[in-house]
Amino acid sequence: MSTAEPTLLIRHARAIATFDDDRREWRDASILIRGSLIEAVGPAADLPATADTVIDARGHLVVPGLVNTHHHMYQSLTRALPGVQDAELFGWLRGLYPVWAGLTPEMVHVSTQVAMAELLLSGCTTSSDHLYIYPSGPQGRVTLDDSIRAAQAIGMRFVATRGSMSVGASAGGLPPDSVVEREDAILADSQRLIETWHDPSHGAMVRIALAPCSPFSVSQDLMRETAALARSYGARFGAHGVRLHTHLAENDHDIAYSRERFGCTPAQYAQGLGWLGDDVWHAHCVKLDDEGLSLFAASRTGVAHCPCSNMRLASGIAPVRRMMDAGVPVGLGVDGSASNDAAHMVHEARQAMLLARVGRALQPPQVHEGRRFFGCDLGPAEMTARDALALATRGGAQVLGRDDDIGRIAPGWCADLALFRLDTLAMAGGAVHDPVAALLLCASPQADHVFVHGRQVVQDGQLTTVDLGPLVERHNRLALALAADCRAS
Ligand code: ZN
Numbered sequence: 000m001s002t003a004e005p006t007l008l009i010r011h012a013r014a015i016a017t018f019d020d021d022r023r024e025w026r027d028a029s030i031l032i033r034g035s036l037i038e039a040v041g042p043a044a045d046l047p048a049t050a051d052t053v054i055d056a057r058g059h060l061v062v063p064g065l066v067n068t069h070h071h072m073y074q075s076l077t078r079a080l081p082g083v084q085d086a087e088l089f090g091w092l093r094g095l096y097p098v099w100a101g102l103t104p105e106m107v108h109v110s111t112q113v114a115m116a117e118l119l120l121s122g123c124t125t126s127s128d129h130l131y132i133y134p135s136g137p138q139g140r141v142t143l144d145d146s147i148r149a150a151q152a153i154g155m156r157f158v159a160t161r162g163s164m165s166v167g168a169s170a171g172g173l174p175p176d177s178v179v180e181r182e183d184a185i186l187a188d189s190q191r192l193i194e195t196w197h198d199p200s201h202g203a204m205v206r207i208a209l210a211p212c213s214p215f216s217v218s219q220d221l222m223r224e225t226a227a228l229a230r231s232y233g234a235r236f237g238a239h240g241v242r243l244h245t246h247l248a249e250n251d252h253d254i255a256y257s258r259e260r261f262g263c264t265p266a267q268y269a270q271g272l273g274w275l276g277d278d279v280w281h282a283h284c285v286k287l288d289d290e291g292l293s294l295f296a297a298s299r300t301g302v303a304h305c306p307c308s309n310m311r312l313a314s315g316i317a318p319v320r321r322m323m324d325a326g327v328p329v330g331l332g333v334d335g336s337a338s339n340d341a342a343h344m345v346h347e348a349r350q351a352m353l354l355a356r357v358g359r360a361l362q363p364p365q366v367h368e369g370r371r372f373f374g375c376d377l378g379p380a381e382m383t384a385r386d387a388l389a390l391a392t393r394g395g396a397q398v399l400g401r402d403d404d405i406g407r408i409a410p411g412w413c414a415d416l417a418l419f420r421l422d423t424l425a426m427a428g429g430a431v432h433d434p435v436a437a438l439l440l441c442a443s444p445q446a447d448h449v450f451v452h453g454r455q456v457v458q459d460g461q462l463t464t465v466d467l468g469p470l471v472e473r474h475n476r477l478a479l480a481l482a483a484d485c486r487a488s
């Protein structure tokens, strides 16, 4: 490490929650950053008093930048669309596929920036995105490069997943034939993207993962060949290779499709295709059965838990506490903007906390030592605020294969940090008692300052990298054009 790199001191924070291995929390504390890495964290009195740049963090809580493990950013263009506001997953998808068929490269770029702006302002510094629809029209063909360039411009750490759909309705799949791709083209483009963009180094700002969309939109051959392609880079990239991602066991219809078409549960389907392992993470897993849970735990297969989307589409309540207790890596995902309609990571963590509690309350009574306990007796302890924040930080980092460089505040980890004001109306009477728990128990705040890789991308609640007003205005024009285009065709 060069000592010539600039230093940044975040000084006198009211509280710092590190989410390190000892879950240490500090009061009146500082963080010293050199270049893009954290050099020291601890009581303000133990750290230097000055640096090249000093941020006075009095009245702030500092947490590791939050990590979002599942998203479809292009869906920001179709939030709150009236025809699908009240549909379950399959009906919702059938209603939206024809709209998304009109996506252009510009729409992907702009909607990705809108989704990332929203995430950054909520304290999220790393996000995955799952782009699985690649239409081609007069304005060109959508590519994953459109998303990656958007991330680079706004300054967000990015795990871009090359999604795909190859089984259309005529072959028994859910999507219309017009939006699926040929499998050889999917694999060739996946290889091109890995060769062009994947960075295995510590602190990488861009990594690629491969992500056939779901059991009901791709073939088993594509699942197998995609896994083989990703793992063929193992020798070259080592532990920071190309990971695998898809949707699994999202709701009852998803389970029924798996049983009818493949004669097995989603977890058995994944196992048979080589889609379990510590290089794989699945979104949702709401309906994972006991056997599936054991398979995931034994293979260290990760889960992206998406509570808002699961509630919005009435998919169900994922058994998150059981996953955590079994040792399954779990992170949080806001999921696509059209099945959540929000992309606020603190809010998502709050919902994870609340949904786990009500999930426990719905379980049958249990008898312990002769006493009968109802779910509502046990529910509130199911998920604490700190449990949910751990999922949103180090949990997400683990799911994305990044537990050695993001998701905690510790020397040697990337300087990805979110600072929240504690002197606000929403925090009044809460932060004075417990500033860390108040972040989730009180109304979800916007971040005041956010750093990604040591660079300040949010300052005093404003993005420093893009002009938000024109971006939102352009996004809204494109959203209306996309919906109108669908109505006209
Ligand atoms: Zn999704």
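The sequence shown begins at 0 in numbering that gives the first Met the number 0 and counts up by one. Just so you know, even glycine gets a beta-carbon here, dropped at the ideal spot from N, CA and C. This one's a predicted model, so the numbers in the text were calculated from it and none came from an experiment.
Annotation note: the stretch 49-133 contains the following uninterrupted beta strand (DSSP E) runs of length 3 or greater, listed N- to C-terminal: 52-55, 59-63, 65-67 and 123-130. Of the residues assessed, S177 falls on the exposed side of the cut-off, its CB having fewer than 16 other CB atoms within 10 angstroms. Shown here, R401 sits in coil according to DSSP, grouped into three states, outside any helix or strand. With a threshold of 16 other beta carbon atoms within 10 Å, H367 falls short and is exposed.
Not one heavy atom of the ligand ZN lies closer than 8 Å to the C-beta of H281. Counting only runs that start and end inside the stretch 361-405, the beta strand (DSSP E) elements of at least 3 residues fall at 365-367 and 370-372. Per DSSP, the beta-bridge partners of H283 are L247.
For A427, there is no enclosing alpha helix (DSSP H), as DSSP marks it with neither H nor E. Straight through space, the alpha carbons of L65 and A234 are spaced by roughly 30 Å.
Following the DSSP letters along the chain, one finds T195 inside the alpha helix (DSSP H) bounded by residues E182 to W196. G468: not part of any beta strand (DSSP E); member of the alpha helix (DSSP H) spanning L467 to A487, first to last residue.
Closer than 8 Å to some heavy atom of the ligand ZN: that does not describe the Cβ of D128. The beta carbons of V241 and A187 sit no closer together than 9 Å. The beta carbon of P364 lies closer than 6 Å to those of R371 and F373 in the same chain, with the five residues before and after it left out.
Shortest Cα-Cα distance from A342 to any of R206, A436 and S443 involves S443. The DSSP-derived three-state label of V456 is strand.
Contact between I405 and T17 does not hold, since their C-beta atoms are separated by about 13 Å, which reaches or exceeds 8 Å. In the structure shown, T300 falls within a coil segment according to DSSP collapsed to helix, strand and coil.
By the CB criterion at 9 Å, A116 and V465 fall inside the cutoff. Here the stretch 381-392 makes contact with the stretch 328-338; the two share three or more CB pairs at distances below 8 Å. Contact between L192 and R161 is confirmed by a C-beta separation of about 5 Å, below the 8 Å threshold.
In the DSSP assignment, no residue is bridged to S213. The Cβ-Cβ distance between L60 and L418 falls below 9 Å. Non-local C-beta neighbours of V141 in its own chain, meaning closer than 6 Å and more than five positions away in sequence, comprise L102, P104, V107, Y133 and P134, ordered along the chain. The criterion of a C-beta distance shorter than 9 Å is not satisfied by R311 and L440. For D27, there is no enclosing alpha helix (DSSP H); the residue is part of the beta strand (DSSP E) that begins and ends at E24 to R33. Of the residues assessed, L479 falls on the exposed side of the cut-off, its CB having fewer than 16 other CB atoms within 10 angstroms. In this structure, D334 has its beta carbon less than 8 Å from a heavy atom of the ligand ZN. With fewer than 16 other CB atoms across the displayed protein chains lying within 10 angstroms of its CB, D55 is exposed. Here R206 is not near H244, since their CB atoms are 9 Å or more apart.
Distances from the alpha-carbon of D376 to those of L470, I15, R356 and Q84 put R356 closest. Not one heavy atom of the ligand ZN is found less than 8 Å from the C-beta of C307.
Contact between V285 and A248 holds, with the beta-carbon distance rounding to 6 Å and staying under 8 Å.
Partner residues in the beta bridge of C413, as assigned by DSSP, are L36. Between the stretch 267-281 and the stretch 298-314 there are three or more C-beta pairs closer than 8 Å, enough to call the two in contact. Between the beta-carbon of A12 and that of E24 there is about 11 Å, and that puts the pair past the 8 Å contact cut.
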